[in-house]
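K.L.:
Got a structure for you, questions after.
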Amino acid sequence: MPIGQDARLIAYGKLIDALPDLLDTRGRQALCDWLAPRQVLHDGQEDPGAVIVEGLETELAIAEVFRQLAEKLDCLPSDAGPG
Numbered sequence: 000m001p002i003g004q005d006a007r008l009i010a011y012g013k014l015i016d017a018l019p020d021l022l023d024t025r026g027r028q029a030l031c032d033w034l035a036p037r038q039v040l041h042d043g044q045e046d047p048g049a050v051i052v053e054g055l056e057t058e059l060a061i062a063e064v065f066r067q068l069a070e071k072l073d074c075l076p077s078d079a080g081p082g
């Protein structure tokens, strides 16, 4: 991987690590709202076991990264609420 790409990935990682401390409550909620639908790969199938994941490794990995970021930001699941 070229040095420029390595530097970009390192910079992105540092930015992601800093986000929880940089965002106010409103900004954090906006980011959580944006992340919520992106944490699961939506393929239009009702039965997840019936979905062939071959060729979807990158998309699944991206969804996992979004899930990890939401966890780091202490985002609540969209169905969680008071009470």
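If you read the sequence shown in numbering that gives the first Met the number 0, its first letter stands for residue 0, the second for the next number, and so on.
The C-beta atom is built at its ideal place from N, Cα and C for all residues, glycine as well.
Computed from a predicted structure; not experimentally measured.
So which of Lys71, Leu40, Leu72 has the shortest CA-CA distance to Thr57?
P.N.:
Leu40
K.L.:
Within 10 angstroms of its Cβ, does Leu14 collect 16 or more other Cβ (buried), or is it exposed?
P.N.:
exposed
K.L.:
To which residues of the same chain is Asp5 closer than 8 Å at the C-beta, ignoring the five residues directly before and after it?
P.N.:
none
K.L.:
How big is the Cα-Cα spacing for Leu61 and Arg37?
P.N.:
Reading the sequence as shown, one finds Ile at residue 61 and not Leu. Rounded to whole angstroms, Ile61 to Arg37 spans 8 Å at the Cα level.
K.L.:
Helix, strand or coil for Gly82 per DSSP?
P.N.:
Unreliable placement is indicated for Gly82, whose pLDDT of 39 sits below 50; the coordinate value is still reported in the next sentence. Looking at Gly82 - three-state DSSP - the assignment turns out to be coil, as it is neither helix nor strand.
K.L.:
So Val64 is in the alpha helix (DSSP H); what residue range does that whole segment cover?
P.N.:
56–71
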